[in-house]
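J.:
Numbering (my numbering), first residue to last: 70 to 307.
1) Got a sec: is the Cβ-Cβ distance from residue 171 to anything in chain D below 9 Å?
2) Report yes if the C-beta distance between residue 143 and residue 127 is below 9 Å; otherwise report no.
3) For the alpha helix (DSSP H) containing residue 103, list its first residue and its last residue.
4) Quick check: the Cα distance between residue 203 and residue 86, rounded to an integer number of angstroms?
5) I'd like the list of long-range same chain contacts for residue 183, defined as Cβ closer than 6 Å, with 5 residues on each side in sequence excluded.
6) Run through DSSP, which three-state label would residue 276 get?
7) I'd like to confirm the pairing. Which residues does DSSP put opposite residue 291 in its beta bridges?
8) Within 10 angstroms of the Cβ of residue 116, are there 16 or more other Cβ atoms? Answer buried if so, exposed if not.
9) Would you list the one or two residues that DSSP bridges to residue 184?
10) Could you check the C-alpha separation between residue 106 and residue 167 for me, to the nearest Å?
If you want it as structure tokens, here you go:
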């Protein structure tokens, strides 16, 4: 799949978003394994869509949609659902899932930084387990772009590896996370996967993200941290 025609030209100094860090997802087998390890759950997707008030007629954009489960569940509801991802293999997997479900969605090969949303502004923009692919400077640019595609009063949802612990406690919490989250090969993400995430990817602190969200014109409605290493923000576009 070529890069989407809904992309903004980027300067040569822009972050190389089409060369994502972390787990290699360059083959169908790797994407299938990723989907399995993520624990794709249509019921969980539906519960989130309910929480965000997504019903027939809603326009939803899922940035870095991955294997597309949330987009497919939204499309089942009669939503105008857009899935955006830089990975050709991810989008191929997502499209196949939509075809099996006999639903229609819009798929765009584009990134946080260069997706150019066309037409009516979105009611809901979501991103799950992906913003950590960008360093903090570029996270801010991504959030500005996400806010720009939302209508005033629209909802922005973020879930990710987000650190709510104090910086002085980082070693303690990261060691505990790695020790408890890693699974045997073939049964989920491994200890090595989590070590690579911390070493090579760009998860950041909640207090940094809060400032970025505010500067993007997004008011935080709720923040939840079920673990010191994970969190979500639900925001409203000013």
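Ideal placement from N, C-alpha and C gives every residue a C-beta, glycine not left out.
T.: According to the structure data:
1) In the structure shown, chain D does not exist; there is a single protein chain.
2) On the chain shown, position 74 is the one that residue 143 refers to. On the chain shown, position 58 is the one that residue 127 refers to. Yes, the pair counts as a contact, with Cβ atoms nearer than the cut-off.
3) Taking the first residue of the chain shown as position 1, residue 103 is located at position 34. Taken as a continuous stretch (DSSP letters only), the alpha helix (DSSP H) holding residue 103 covers 97-107.
4) Translated into positions along the chain shown, residue 203 becomes position 134. Translated into positions along the chain shown, residue 86 becomes position 17. Taking the straight line joining both Cα atoms gives about 8 Å.
5) Numbered from 1 along the chain shown, position 114 holds the residue referred to as residue 183. If we look at residue 183 and ignore the five residues flanking it on each side, its Cβ neighbours are 76, 77 and 79.
6) As a position in the chain shown, residue 276 is number 207, starting the count at 1. The answer is helix: DSSP assigns residue 276 an H, G or I state.
7) Working through the chain shown from its first residue, we reach residue 291 at position 222. Its beta-bridge partners are 303.
8) Locating residue 116 in the chain shown gives position 47, counting from the first residue. Exposed is the call here.
9) Here residue 184 is taken as the residue at index 115 of the chain shown, counted from 1. DSSP, once it has assigned bridges, lists 76 as partnering residue 184.
10) Counting from one through the chain shown, the residue named residue 106 turns up at place 37. Counting from one through the chain shown, the residue named residue 167 turns up at place 98. So the alpha carbons of these two residues sit roughly 20 Å apart.
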